[in-house]
Amino acid sequence: MCFIFGIHTYSYADETKGGTEQTETKEKFNAGEMIFEHILDSYQWHIFTWKGHHVAINLPIIVFNEGKCYSFSSKHLMHGTYEVADKNTGDPITFCIPSEGDYKGKVVILKGEDRIRPFDISITKNVFGLFISCTLLVTLFLIVANAYKKRGEKAPKGLQSLFEMLIVYVRDDIAKKSIDEKHVDRYTPYLITVFFFIFFNNLLGLIPFFPFGANLTGNIAVTAVLAIFTFIITNVFGNKEYYKDIFNTPGVPVFLKLPLPLMPLIEFVGCLTKPLVLAIRLFANITAGHIVVLGFISMIFILGEMSAAAGGAMSVLSLLLAIFVDVLELLVAYIQAYVFTLLSALYFGMASKEEHHG
Amino acid sequence: MKLITPDFGLIFWMTLAFGIVFLVLAKVAFPIIGKALKKREEKITEALELAERTHEEMKQLQADNEKVLQEAREERDKILTDARSTRDRIIEEAKAKATEETNRIVETAKETIENERKAALTDIKNEIANISIKVAEKILEKQLDSNQAQMDYIERIIKETENNN
Numbered sequence: 000m001c002f003i004f005g006i007h008t009y010s011y012a013d014e015t016k017g018g019t020e021q022t023e024t025k026e027k028f029n030a031g032e033m034i035f036e037h038i039l040d041s042y043q044w045h046i047f048t049w050k051g052h053h054v055a056i057n058l059p060i061i062v063f064n065e066g067k068c069y070s071f072s073s074k075h076l077m078h079g080t081y082e083v084a085d086k087n088t089g090d091p092i093t094f095c096i097p098s099e100g101d102y103k104g105k106v107v108i109l110k111g112e113d114r115i116r117p118f119d120i121s122i123t124k125n126v127f128g129l130f131i132s133c134t135l136l137v138t139l140f141l142i143v144a145n146a147y148k149k150r151g152e153k154a155p156k157g158l159q160s161l162f163e164m165l166i167v168y169v170r171d172d173i174a175k176k177s178i179d180e181k182h183v184d185r186y187t188p189y190l191i192t193v194f195f196f197i198f199f200n201n202l203l204g205l206i207p208f209f210p211f212g213a214n215l216t217g218n219i220a221v222t223a224v225l226a227i228f229t230f231i232i233t234n235v236f237g238n239k240e241y242y243k244d245i246f247n248t249p250g251v252p253v254f255l256k257l258p259l260p261l262m263p264l265i266e267f268v269g270c271l272t273k274p275l276v277l278a279i280r281l282f283a284n285i286t287a288g289h290i291v292v293l294g295f296i297s298m299i300f301i302l303g304e305m306s307a308a309a310g311g312a313m314s315v316l317s318l319l320l321a322i323f324v325d326v327l328e329l330l331v332a333y334i335q336a337y338v339f340t341l342l343s344a345l346y347f348g349m350a351s352k353e354e355h356h357g
Numbered sequence: 000m001k002l003i004t005p006d007f008g009l010i011f012w013m014t015l016a017f018g019i020v021f022l023v024l025a026k027v028a029f030p031i032i033g034k035a036l037k038k039r040e041e042k043i044t045e046a047l048e049l050a051e052r053t054h055e056e057m058k059q060l061q062a063d064n065e066k067v068l069q070e071a072r073e074e075r076d077k078i079l080t081d082a083r084s085t086r087d088r089i090i091e092e093a094k095a096k097a098t099e100e101t102n103r104i105v106e107t108a109k110e111t112i113e114n115e116r117k118a119a120l121t122d123i124k125n126e127i128a129n130i131s132i133k134v135a136e137k138i139l140e141k142q143l144d145s146n147q148a149q150m151d152y153i154e155r156i157i158k159e160t161e162n163n164n
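Laid out in structure tokens, this is it:
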């Protein structure tokens with residue numbers, strides 16, 4: 000696994016030369032850049048480098064500019080600019096991916112000296128990885144559902160029993176313990192989906208080969224969407240008591256509510272921070288794990304540039320440490336999925352709790 | 000920083016993809032799985048209850064068996080006791096009957112003996128009478144010879160008779 004990481008890493012180090020010149024033989028290895036290249040999104044899915052040739056999948060770029068959709072392969076942008084005729088005026092539009100500045104690594108339109116960021120819904124590496132993992136997840140679930148259909152009331156077998164263990168765990172130990180019996184069925188499907196989605200993508204993110212290894216759950220956009228789903232579901236199904244607690248908190252002196260609505264403001268901010276924290280926790284945990292693993296691998300190359308012997312010695316230690324962190328990441332993959340699901344369930348439980356007087 | 004700036008494109012696709020995954024799972028997969036799980040749980044509960052019930056029944060049955068066995072044992076004891084008492088009674092009766100019979104036989108024997116004796120006595124008396132008659136005849140025969148001789152003879156006969164007795 001780490002061997003592949005190495006190849007992967009080297010190719011990226013090679014790519015960060017930034018130019019088109021293949022003749023430039025040596026450039027200093029930049030660990031920070033390599034790590035961020037790895038963690039961040041890109042328009043190309045680099046698979047490996049073989050004798051100086053990059054083997055990569057060019058993913059489609061889809062952008063909207065002034066109401067028109069432009070779609071082309073990202074291979075045109077890898078080595079410079081790409082010109083397309085404007086669909087409104089017929090004038091040429093120049094697209095490029097700047098290697099520095101505010102829009103570094105993102106598709107922009109060049110207009111004189113200005114760079115304009117168009118509305119960009121390109122199928123990037125992460126989006127492509129997302130499609131793959133979603134397809135896989137749905138396929139696995141349909142296989143499992145089919146197994147249930149076929150086996151009826153018999154004991155589960157193989158994949159089915161693995162899924163059943165997790166499904167029953169989320170249903171009984173997370174959902175039923177956090178949410179009132181009366182409302183729990185409403186939330187269980189979402190909780191199971193979210194648990195499997197996060198756990199699945201955490202695990203796939205640890206596999207360094209194509210078509211896995213897209214750093215999905217370590218991307219703030221992905222975790223933000225999950226958190227927004229939790230936020231929306233919490234508030235849509237929140238009952239009267241929940242809203243009363245926010246806007247007219249009982250048991251709080253009146254001067255905290257009028258004339259300055261201090262307490263409602265604090266409660267409201269609390270509502271927003273809950274999902275925010277969910278998103279950041281998942282993102283930070285997964286990203287941190289990836290950074291640490293890549294950091295250990297980079298050390299081989301950093302020391303290797305100083306001397307071959309140091310690099311050789313370091314590679315053994317680095318590999319051991321990287322393997323250790325990878326194994327730790329397996330644990331984190333599960334724990335973070337569990338924590339996200341559990342906290343979502345707790346928020347749902349709070350929002351749908353019936354007041355128990357006495 | 001780029002790391003913590005959410006990219007709109009990814010948010011768009013993520014919302015779409017996650018939404019679809021959620022819908023497919025919630026509408027297709029989960030109902031099947033949920034139903035199957037519920038059915039299985041019910042089945043297991045039923046099976047457990049059945050086992051419990053069967054166990055109860057077994058216990059009951061065992062108790063019944065024990066009772067029947069106990070009854071049989073008592074019955075056997077009773078029969079044995081009855082048999083023993085019957086046997087004793089029969090023996091007792093037999094003994095009584097035997098004693099009675101013996102007594103009767105002894106009685107009969109005694110009677111017979113008495114009769115025999117009486118008959119014998121009668122015979123002897125008759126014999127004596129005959130002898131007496133014969134003696135008397137002989138005496139009468141000798142009377143004609145002489146008085147002396149007659150007297151001797153009577154004496155001798157009496158002596159003989161006495162000796163014979």
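Line order of the protein sequences matches chains A and B. Its first residue numbered 0, the first sequence is counted upward by one per residue in numbering that gives the first Met the number 0. Its first residue numbered 0, the second sequence is counted upward by one per residue in numbering that gives the first Met the number 0. Where is the CB? At the ideal position from N, CA and C, for every residue including glycine.
Item to check | Contacts of A:Val-221 in chain B (Cβ-Cβ under 8 Å) | outcome: Per Cβ cutoff of 8 Å: Leu-9, Met-13.
Item to check | Beta carbon of A:Ala-174 nearer than 8 Å to that of A:Ala-309 | outcome: no
Checklist entry - Buried or exposed: where does B:Gln-61 fall if 16 or more other Cβ atoms within 10 Å of its Cβ makes it buried? => result exposed
Item to check | Buried versus exposed, by CB contacts within 10 Å (16 or more), A:His-37 | outcome: buried
Checklist entry - Using a Cβ-Cβ distance under 8 Å, would A:Ser-121 count as near chain B? => result yes
Next on the checklist: DSSP has A:Trp-49 in a bridge; who is on the other side?
Outcome noted: Checking the DSSP bridge columns, you'll see A:Trp-49 partnered with A:His-52.
Checklist entry - Got a sec: does the ligand FAD put a non-hydrogen atom nearer than 7 Å to the Cβ of A:Gly-310? => result Only the bare structure without any ligand can be found here, which leaves the ligand FAD out of the picture.
Checklist entry - Applying the criterion that 16 or more other CB atoms from any shown protein chain within 10 Å of the CB defines a buried residue, is A:Ser-41 buried or exposed? => result buried
Checklist entry - Between which two residues does the beta strand (DSSP E) harbouring A:Lys-103 extend? => result Here A:Lys-103 belongs to no beta strand (DSSP E), and DSSP marks it neither H nor E.
Checklist entry - CB-CB under 8 Å to A:Ile-6, same chain, minus the five flanking residues each way: which ones, in chain order? => result In this prediction, A:Ile-6 has a pLDDT of 34, which is less than 50 and means its spatial position is unreliable; nothing more can be read from the coordinates.
Checklist entry - Quick one: what's got a C-beta closer than 6 Å to A:Pro-210's C-beta in the same chain, skipping five residues either side? => result Same-chain partners within the cutoff: Ile-131.
Checklist entry - How close, in whole Å, do the beta carbons of A:Asn-218 and A:Phe-295 come, if the pair is a contact with beta carbons under 8 Å? => result Between A:Asn-218 and A:Phe-295 the beta-carbon gap is near 22 Å, outside 8 Å, which marks them as no contact.
Item to check | CA-to-CA distance, A:Val-315 to A:Gly-303, given in whole angstroms | outcome: 12 Å
Checklist entry - Should A:Phe-162 be labelled buried (16 or more other beta-carbon atoms within 10 Å of its own) or exposed? => result buried
Next on the checklist: Is the separation between the beta-carbon of A:Leu-136 and that of B:Val-20 shorter than 8 Å?
Outcome noted: yes
Checklist entry - Among A:Tyr-102, A:Ala-154, A:Lys-181, which has the Cα closest to the Cα of A:Phe-347? => result A:Lys-181
Checklist entry - On the premise that B:Phe-29 lies in contact with A:Pro-188, defined as a C-beta separation below 8 Å, what is that separation, rounded to the nearest angstrom? => result 5 Å
Checklist entry - With C-beta atoms as the reference, is B:Ile-138 less than 8 Å away from B:Ile-156? => result Yes, these two residues count as a Cβ contact at 8 Å.
Checklist entry - Exposed or buried, what is A:Leu-129 when buried is set at 16 or more other beta-carbons lying within 10 Å of its beta-carbon? => result buried
Next on the checklist: 8 Å is my cut-off, CB to CB: does B:Ala-46 come that close to chain A?
Outcome noted: no
Next on the checklist: Can you check which of these residues, A:Val-253, A:Asn-238, A:Pro-263, is closest to A:Ile-245 by C-alpha distance?
Outcome noted: Out of A:Val-253, A:Asn-238, A:Pro-263, the CA that lies nearest to the CA of A:Ile-245 is found in A:Pro-263.
Next on the checklist: List, in chain order, every chain D residue whose beta-carbon is nearer than 8 Å to that of A:Pro-188.
Outcome noted: Of the protein chains in the structure, A and B, none is chain D.
Next on the checklist: Report the CB separation of A:Thr-340 from A:Phe-194 in whole angstroms; it is logged as a contact under 8 Å.
Outcome noted: Their Cβ separation, rounded to whole angstroms, is 4 Å, which keeps A:Thr-340 and A:Phe-194 in contact under 8 Å.
Checklist entry - Per DSSP, which one or two residues make a beta bridge with B:Ile-108? => result The amino acid at residue 108 of chain B is misidentified as Ile; the sequence shows Ala. In DSSP, B:Ala-108 forms no bridge with anything.
Checklist entry - Skipping 5 residues on each side, what residues in its chain have a beta carbon closer than 7 Å to that of A:Thr-123? => result Asp-40, Ser-41, Tyr-42, Leu-58
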